[in-house]
Amino acid sequence: AQKVTQAQTEISVVEKEDVTLDCVYETRDTTYYLFWYKQPPSGELVFLIRRNSFDEQNEISGRYSWNFQKSTSSFNFTITASQVVDSAVYFCKLAGNNRKLIWGLGTSLAVNP
Amino acid sequence: NAGVTQTPKFQVLKTGQSMTLQCAQDMNHNSMYWYRQDPGMGLRLIYYSASEGTTDKGEVPNGYNVSRLNKREFSLRLESAAPSQTSVYFCASSEIPGQSNQPQHFGDGTRLSIL
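This is the structure in structure tokens:
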């Protein structure tokens, strides 16, 4: 069975703190893709990153970084020096060989001034 | 720069009424999706259309029907609305048919309340 677990339901930090959002997945597929999406208070979901199972290199985009580790089946997302505009719900998603898309339940991040 | 457009943005219905949620994308994407989002339950797939002319059920299709009118448009119909269908509905699209590895692009959502 395929599964995505975002164990942190809600996180609250103070501006400028670093914060890591966890995503743990389960799949038996050898080829799969992992995604992160952001849903700000305005409601729309925005695609952030896609990673395939053969590429374990970490990725950095400005204050955002992603750590993909197959050994622990994790694809964690770190925001460095968080800002109020980072307040959102963040979703992790798994896409495997069977074309099913498995979404995590999301982590609600509140960044307080 | 429209992307995925959903109408209406808000709607209140009485139990038993019917309505159609509209979705259109201008990115020439092949695949389109309808999700519902409820507190604590994440995103659940209602129906999807891998390409023009095809539709398939997702996790929670009961009480809904869909029409892939053309490549651009994918509508979701509630024939007889029930309070359990109170939710936020999202339409999404992705570029390549049958390829789940593609990023999805989402509309702004429709907030639907059934009284």
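In the order they appear, the protein sequences are chains A and U.
If you number the first sequence the way the numbering used here does, the last residue is 127 and the count never jumps.
If you number the second sequence the way the numbering used here does, the last residue is 219 and the count never jumps.
The beta carbon of each residue, even a glycine, is placed where N, CA and C say it ideally should be.
The model shown is predicted, which means the values in this text are computed figures rather than measured ones.
- Sorting A/19, A/79, A/28, A/106 by C-alpha distance to the C-alpha of residue 59 of chain A places A/106 at the top.
- Nearest to residue 172 of chain U by alpha-carbon distance, out of U/197, U/206, U/219, is U/197.
- Counting only the Cα atoms, residue 81 of chain A lies some 8 Å from residue 71 of chain A.
- With its beta carbon less than 8 Å from one in chain A, residue 208 of chain U belongs to the interface.
- Annotated as proximal: residue 20 of chain A and residue 36 of chain A, with beta-carbon spacing under 8 Å.
- For residue 120 of chain A, at least one C-beta of chain U is nearer than 8 Å to its own C-beta.
- In chain order, 57, 58, 59 make up the part of chain A whose C-beta sits under 9 Å from the C-beta of residue 194 of chain U.
- Comparing alpha-carbon positions, the option among U/110, U/106, U/116 lying closest to residue 190 of chain U turns out to be U/116.
- The three-state reading of DSSP puts residue 52 of chain A in strand, counting E and B together.
- In terms of CA proximity to residue 96 of chain A, A/76 leads the group A/66, A/76, A/89.
- For a cut-off of 8 Å, the C-beta gap from residue 16 of chain A to residue 40 of chain A is around 6 Å, short enough to register as a contact.
- Setting aside the 5 residues that flank it on each side, residue 142 of chain U is surrounded in the same chain by 191, each with a C-beta closer than 6 Å to its C-beta; the list follows chain order.
- Residue 82 of chain A has A/89 as its beta-bridge partners, per DSSP.
- Comparing alpha-carbon positions, the option among A/99, A/126, A/88, A/101 lying closest to residue 46 of chain A turns out to be A/88.
- Listed in chain order, the non-local C-beta contacts of residue 114 of chain A below 8 Å within the same chain comprise 16, local neighbours out to five positions each way being set aside.
- Each residue's CA atom was taken as its position, placing residue 112 of chain A and residue 100 of chain A some 33 Å apart.
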